[in-house]
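J.: Residue numbers (the numbering used here): 8 to 225.
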Amino acid sequence: MKQKTIKTVLVKQSVLYFKGLANQSVTKMITLTKRLKAEDQQASSGTGMTKKVPSSSGGRISVRDKLLVKEVQEMETNLPPGCKVKFDDPNALHDFTLTIAPDETSHWTGGKFRFHVVAGEDYNMAPPTVKCQTRLWHPNINEEGDVCLSILRQNSIDGMGWAPTRRLKDVIWGLNSLFSDLLNFDDPLNLEAAEHYQKDKEGFRVKVRDWVQKYARR
Numbered sequence: 008m009k010q011k012t013i014k015t016v017l018v019k020q021s022v023l024y025f026k027g028l029a030n031q032s033v034t035k036m037i038t039l040t041k042r043l044k045a046e047d048q049q050a051s052s053g054t055g056m057t058k059k060v061p062s063s064s065g066g067r068i069s070v071r072d073k074l075l076v077k078e079v080q081e082m083e084t085n086l087p088p089g090c091k092v093k094f095d096d097p098n099a100l101h102d103f104t105l106t107i108a109p110d111e112t113s114h115w116t117g118g119k120f121r122f123h124v125v126a127g128e129d130y131n132m133a134p135p136t137v138k139c140q141t142r143l144w145h146p147n148i149n150e151e152g153d154v155c156l157s158i159l160r161q162n163s164i165d166g167m168g169w170a171p172t173r174r175l176k177d178v179i180w181g182l183n184s185l186f187s188d189l190l191n192f193d194d195p196l197n198l199e200a201a202e203h204y205q206k207d208k209e210g211f212r213v214k215v216r217d218w219v220q221k222y223a224r225r
């Protein structure tokens with residue numbers, strides 16, 4: 008009888024232990040807002056303790072995800088005018104959509120252009136990948152959505168390529184500037200668009216406006 012009692016106690020303890028583990032797993036699935044709030048509280052308290060947050064896969068948090076907790080907060084508080092970011096999954100900080108609405112000084116004014124941004128597991132040693140999801144007539148963005156921007160290159164001849172010291176906010180500002188001061192007709196990705204501008208500037212502007220009306224008025 009004594010042995011049965013001991014076994015019963017051990018079984019009960021095991022059940023309680025595994026229930027506790029399950030509750031801990033649920034607790035760890037916090038939203039982006041809670042993550043950033045916890046980060047702020049930790050910083051203001053000056054405890055210097057490392058904050059644990061769940062990775063997008065639900066396993067052990069990666070170096071990338073630790074970096075992104077701070078970088079996403081920095082990015083969202085330093086967005087250029089007309090820019091918005093959206094996370095479909097608040098626990099996947101490495102994957103989001105950027106929407107750019109250029110101002111009235113841009114050829115593309117009146118449109119909203121969406122970019123899918125993904126920071127791979129090798130971030131920040133490598134730049135994030137970016138794909139434009141809105142069709143547009145642009146010398147530095149082709150019709151397949153590929154983007155020509157120095158900061159998105161590992162090596163760039165202009166010395167402005169990616170480096171581990173760069174941040175997500177730098178990528179956002181760079182993409183936004185493709186509609187203004189970083190617009191480059193001399194080193195184009197879309198050769199046809201660049202040649203169109205060189206040969207017929209007004210015709211280029213007309214086509215840009217037409218495509219804004221067709222594809223970017225959403």
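Built from N, CA and C at the ideal position, the CB exists for glycine as well.
#1: Alpha carbon to alpha carbon, how far is N98 from D72?
#2: Would you report the Cα separation of K58 and I68, rounded to the nearest angstrom?
#3: Tell me whether R174 sits in a helix, a strand or coil according to DSSP, three-state version.
#4: Beta strand (DSSP E) containing L105: first to last residue?
#5: Looking at the unbroken alpha helix (DSSP H) that takes in K119, where does it start and where does it end?
#6: Which first and last residues belong to the alpha helix (DSSP H) in which V154 is found?
#7: Could you tell me the boundaries of the alpha helix (DSSP H) in which Y222 lies?
#8: State yes or no: is the C-beta of I158 within less than 8 Å of the C-beta of P195?
#9: So, under 8 Å CB-CB, C90 and L100 are touching, yes? Tell me the CB distance rounded to an integer number of Å.
#10: Take every Cβ of the stretch 195-215, pair it with every Cβ of the stretch 139-153, and state whether three or more of those distances are shorter than 8 Å.
#11: Between which two residues does the beta strand (DSSP E) harbouring T136 extend?
#12: Could you pull out every residue in the same chain whose Cβ sits closer than 7 Å to the Cβ of G152, ignoring the five residues on either side in sequence?
#13: DSSP on T68, reduced to helix/strand/coil?
#14: Going by C-alpha distance, which of F103, V178 and V213 is nearest V154?
#15: How big is the Cα-Cα spacing for E81 and L74?
#16: Whose CA, out of F186, F211 and D188, lies closest to the CA of L198?
#17: Name the one or two DSSP bridge partners that K6 has.
#18: Are the Cβ atoms of L189 and F122 separated by less than 8 Å?
T.: Here's the rundown:
#1: 10 Å
#2: Bear in mind that the predicted position of K58 carries a pLDDT of just 38, short of 50, making it too unreliable to give a figure here.
#3: coil
#4: D102 to I107
#5: Run containing K119: none; DSSP gives neither H nor E here.
#6: Run containing V154: none; DSSP gives neither H nor E here.
#7: K208 to Y222
#8: no
#9: With a Cβ gap of about 17 Å, C90 and L100 do not count as contacting.
#10: yes
#11: T136 to C139
#12: K138, C139 and Q140
#13: The question names Thr, yet the displayed sequence has Ile at residue 68. I68: coil per DSSP, three-state reduction.
#14: V178
#15: 11 Å
#16: F211
#17: This structure cannot speak to residue 6, because the chain is shown only from 8 to 225.
#18: no
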